[in-house]
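Following: one structure in structure tokens, then a few remarks.
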Amino acid sequence: MSDAVDREDRAAPVAPPATRCGPAVVRAGHHSVWSLGPGFKALFRKECLRFSKVALQTIIAPVVSTLLYLLIFSHVLSSNVKVYDGRVGYAQFLVPGLVMMAVLQNAFANSSSSLIQSKMMRSIVFVLLPPISSFELFCAYVLSAMVRGVAVGLGVWLITLPFVGAAASVPEHPLWVLAFAVGGSAILGTLGLVAGIWSEKFDHLAVFQNFIIMPLTFLSGVFYSIHSLPPFWQALSYFNPFFYMIDGFRYGFFGLSDINPWRSVAVVAFFVIMLGAIALRMLATGYKLRQ
Amino acid sequence: MKPEPVLAAVEVIDVCKSFPNVRALDHVSLRVEQGEFFALLGPNGAGKTTLISILAGLARADSGQARIMGFDTVAQARDARLSLGVVPQELVFDPFFTVREMLELQASYYGVRGAGAWIDEILHHLDLTDKANTNMRALSGGMKRRVLVGQALVHRPPVIVLDEPTAGVDVELRQNLWTFIKRLNREGHTIILTTHYLEEAEALCQRVAMLKGGRVVALDTTANLLRGASGITVEIAADAVPEAWRGRAAVQATGAFGFTLAGYGELEPLLAAFRESGIAIAEMKLGAADLEQAFLRLTSPTAATAEAA
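Chains E and L, in that order, give the protein sequences. Start counting the first sequence at 1; every next residue gets the next number (the working numbering). Start counting the second sequence at 292; every next residue gets the next number (the working numbering).
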């Protein structure tokens, strides 16, 4: 949405114009820049409907492929890798990392694929024509991405329960788990929104997925504790924002982490705000959406 | 007592818009009154779609102002968008949803509640009732076009812009569509139409604006433009065209050769040319001046560029 709407929101009220005939002129009424109106609800619902209609592809498939990671890695590495000085079994250690990886990847996939598809098929016009503000667009795309990310993460967690035991999978600090699931999916949902707006074809989006999301996820400590890495790679991991999301999320499960979880909270909050500001700016100026 | 000025349905004031290497709109001004059936005509690249995009908020003018029902499309964008329904030129659709879902979603974007009965009516008039629960992917091009028309109407906007609404729609359904649009016009909706079927504009629209190279080259009532389109059209079914007339012949859909003549004075030389060339005329049809002639005259490369009323 262009900043046209935002400017209108701040404009002084104008008396409704007199009409000579025909249908009544409907006024949008007062609408603050930060308020969420019917357009937000409708778009959020539409985005959730969109992925739920193809749930086999958007929910079930990533759950199953993540389970394969657990089966293969835990089988191959469980006797060789010790984490947290042996206080946590490797398969048990792997589960929160895989759950968070699924949350992040699917939150990104949802907003980015929805945007690029509607841009390529030009159906983006259906949400650009109605009176939906840039903040409403932002919230609808990001929240629906978070819903899908968390839904897939929940699916992964549930399906891994029989493999590691329910007792070993219950989070010690559920609020930390929730906080990092919400923060992480918000970051990747927003990054997906930015990528979807910036990309002009599917190739561009593949650059994001294959050269940014995938390597940063795999090198974030999903499959290992960074204390097991050589010093150089360990130092490099601190520059990977995904590391903080995974490590903080894992802290919620075991009360153990590679770094202080409050530091992870600060990093996650920083990226939520930074990417949110970028995405809102892109939407407000109509970058690559309006001429 | 001085009468209160009537608010225009659409007002475009000195709008300019440029893209890299292209001046899409060059100081365009026009006013469409409430309740009008108005045509926006012009050759490809004339600036029609850019103008519609500016009205719809899909593009921002470099300078000038556009208003829908008195609402500025930039400063009062929410109100302007509520007052406008647009049928886009491109055949776009969302492949995840059924026809009814598309219409319901579009209504909810505008905050319309309880639109079920109106959606049923739209489906009926667009002959889509039996396709209501069909996925958009399964529809033909003409049906998708009609869904686009429906989507533009779900929030009952006072101003409706139809950008090539009948492209790809068959003749019978085109008539149904126009009957429905005419009814909306009678009920007070302002209709702005762009079309390549000039006979549609001639039959439906009270006023016409012709754009060329981003400028308004004519803005007048349809009747006045037709009066200005002097001359006759001749359609001749024959095996060939005399060499001297080949440059002026246009092959028609029927296979016949069409000629646009300045008047009956040119008819005799044309027929003489056929006779002297020994080309037999199988059939001949004469036609009066139409909007197409006015359009060709005003948008031809040699036409004057400032005939705006």
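Think of the CB as a built atom: it goes at the ideal place given N, C-alpha and C, for glycine as much as any other residue.
Is it buried or exposed, residue i, if we count other Cβ atoms within 10 angstroms and call 16 or more buried?
i: Pro-449 (chain L); result: buried
i: Val-303 (chain L); result: buried
i: Asn-476 (chain L); result: buried
i: Gln-291 (chain E); result: exposed
i: Cys-21 (chain E); result: Annotation note: pLDDT 40 at Cys-21 (chain E) (below 50); position unreliable, no value reported.
i: Ile-343 (chain L); result: buried
i: Ser-169 (chain E); result: buried
i: Thr-470 (chain L); result: exposed
i: Leu-205 (chain E); result: buried
i: Pro-261 (chain E); result: buried
i: Gln-57 (chain E); result: exposed
i: Arg-498 (chain L); result: buried
i: Gly-130 (chain E); result: Strictly speaking, residue 130 (chain E) in this sequence is Pro, with Gly absent from that position. Pro-130 (chain E) should be labelled buried.
i: Asn-106 (chain E); result: buried
i: Ser-431 (chain L); result: exposed
i: Trp-157 (chain E); result: buried
i: Ala-181 (chain E); result: buried
i: Pro-560 (chain L); result: exposed
i: Ile-413 (chain L); result: buried
i: Asp-421 (chain L); result: exposed
i: Asp-454 (chain L); result: buried
i: Ser-144 (chain E); result: buried
i: His-415 (chain L); result: exposed
i: Met-1 (chain E); result: For Met-1 (chain E), the pLDDT reaches just 37, beneath the cut-off of 50, and the residue's location in the model is therefore unreliable, although a value from the coordinates is still provided. Burial call: buried.
i: Lys-576 (chain L); result: exposed
i: Pro-314 (chain E); result: Outside the modelled stretch of chain E, which goes from 1 to 291, sits residue 314 (chain E), for which no answer is possible.
i: Asp-370 (chain L); result: buried
i: Ala-600 (chain L); result: Interpretation of Ala-600 (chain L) is limited by its pLDDT of 34, a score under 50 that renders its predicted location unreliable; the figure taken from the coordinates is listed afterwards. Counting Cβ neighbours within 10 Å, Ala-600 (chain L) comes out exposed, since fewer than 16 surround it.
i: Thr-551 (chain L); result: buried
i: Ala-179 (chain E); result: buried
i: Ser-220 (chain E); result: buried
i: Ser-114 (chain E); result: buried
i: Ala-4 (chain E); result: Since pLDDT at Ala-4 (chain E) reaches only 36, below the 50 mark, its modelled position is unreliable, and no value is offered.
Report the CB separation of residue i from residue j in whole angstroms; it is logged as a contact under 8 Å.
i: Ala-102 (chain E); j: Val-152 (chain E); result: 5 Å
i: Ala-406 (chain L); j: Glu-392 (chain L); result: The Cβ separation is near 12 Å, so there is no contact.
i: Cys-139 (chain E); j: Leu-275 (chain E); result: Contact flag wrong, Cβ pair sits at about 14 Å.
i: Val-403 (chain L); j: His-446 (chain L); result: 5 Å
i: Val-268 (chain E); j: Gly-248 (chain E); result: 7 Å
i: Phe-163 (chain E); j: Leu-70 (chain E); result: 6 Å
i: Ala-347 (chain L); j: Leu-375 (chain L); result: 6 Å
i: Thr-341 (chain L); j: Ala-315 (chain L); result: 4 Å
i: Gly-97 (chain E); j: Ile-246 (chain E); result: 5 Å
Which first and last residues belong to the beta strand (DSSP E) in which residue i is found?
i: Asp-317 (chain L); result: 313 to 324
i: Glu-574 (chain L); result: 572 to 578
i: Asp-454 (chain L); result: 450 to 454
i: Thr-481 (chain L); result: 481 to 485
If I follow the unbroken alpha helix (DSSP H) through residue i, where does it start and stop?
i: Ile-472 (chain L); result: 462 to 477
i: Val-440 (chain L); result: 432 to 444
i: Leu-43 (chain E); result: 38 to 53
i: Leu-70 (chain E); result: 61 to 77
i: Trp-409 (chain L); result: 407 to 416
i: Tyr-90 (chain E); result: 90 to 120
i: Val-125 (chain E); result: 125 to 128
i: Met-393 (chain L); result: 390 to 400
i: Asp-203 (chain E); result: 202 to 208
Say the cut is 7 Å; is the CB of residue i nearer than that to a heavy atom of the ligand NAP?
i: Leu-161 (chain E); result: You won't find the ligand NAP in this model; it holds no ligand whatsoever.
Between the region 252 to 259 of chain E and the region 75 to 89 of chain E, do three or more beta carbon pairs fall short of 8 Å? Yes, the region 252 to 259 of chain E is in contact with the region 75 to 89 of chain E.
Ignoring anything shorter than 4 residues or poking outside the region 492 to 564 of chain L, list the alpha helix (DSSP H) runs there in chain order. Within the region 492 to 564 of chain L, the complete alpha helix (DSSP H) runs of at least 4 residues are 513 to 519.
With contact counted as at least three CB pairs below 8 Å, one residue from each stretch, are the region 475 to 494 of chain L and the region 330 to 337 of chain L in contact? In short, these stretches touch, since the Cβ pair count reaches three.
Segments of 3+ residues assigned as beta strand (DSSP E) that fall wholly inside the region 211 to 265 of chain E: Whole beta strand (DSSP E) segments, 3+ residues: zero.
Quick one: complete beta strand (DSSP E) runs, 3+ long, within the region 306 to 385 of chain L? As far as the region 306 to 385 of chain L is concerned, its whole beta strand (DSSP E) runs of at least 3 residues are 313 to 324, 328 to 332, 354 to 359 and 375 to 378.
Complete runs of the alpha helix (DSSP H) confined to the region 164 to 190 of chain E [at least 4 residues]: Fully enclosed alpha helix (DSSP H) runs of no fewer than 4 residues occupy 166 to 169 of the region 164 to 190 of chain E, in order along the chain.
Answer yes if the region 201 to 219 of chain E comes into contact with the region 39 to 53 of chain E, meaning at least three C-beta pairs across the two stretches below 8 Å, and no otherwise. Contact between the region 39 to 53 of chain E and the region 201 to 219 of chain E is absent: fewer than 3 CB-CB pairs across the two stretches fall below 8 Å.
Taking three-plus beta-carbon pairs below 8 Å as touching, is the region 521 to 537 of chain L in contact with the region 566 to 580 of chain L? In short, these stretches touch, since the Cβ pair count reaches three.
Count Cβ pairs between the region 121 to 140 of chain E and the region 164 to 179 of chain E that sit closer than 8 Å; are there 3 or more? When Cβ pairs closer than 8 Å are counted between the two stretches, the region 121 to 140 of chain E is seen not to touch the region 164 to 179 of chain E, the count staying below three.
Answer yes if the region 106 to 122 of chain E comes into contact with the region 369 to 384 of chain L, meaning at least three C-beta pairs across the two stretches below 8 Å, and no otherwise. With the cut-off at 8 Å, the region 369 to 384 of chain L and the region 106 to 122 of chain E touch.
Taking 8 Å as the threshold, find out whether the region 427 to 439 of chain L comes into contact with the region 356 to 372 of chain L through three or more Cβ pairs. Cβ pair count under 8 Å is below three, so no.
Contact between the region 151 to 166 of chain E and the region 57 to 72 of chain E: three or more CB pairs below 8 Å? Yes, the region 151 to 166 of chain E is in contact with the region 57 to 72 of chain E.
State whether the region 498 to 508 of chain L contacts the region 312 to 328 of chain L, with contact taken as three or more CB pairs (one from each stretch) at a distance under 8 Å. These segments touch.
Can at least three beta-carbon pairs, one atom from the region 196 to 205 of chain E and one from the region 276 to 291 of chain E, be found at a separation below 8 Å? Touching, yes.
Would you check if the region 235 to 248 of chain E and the region 87 to 94 of chain E touch, i.e. whether three or more CB-CB distances between them fall below 8 Å? In short, these stretches do not touch, since the Cβ pair count stays below three.
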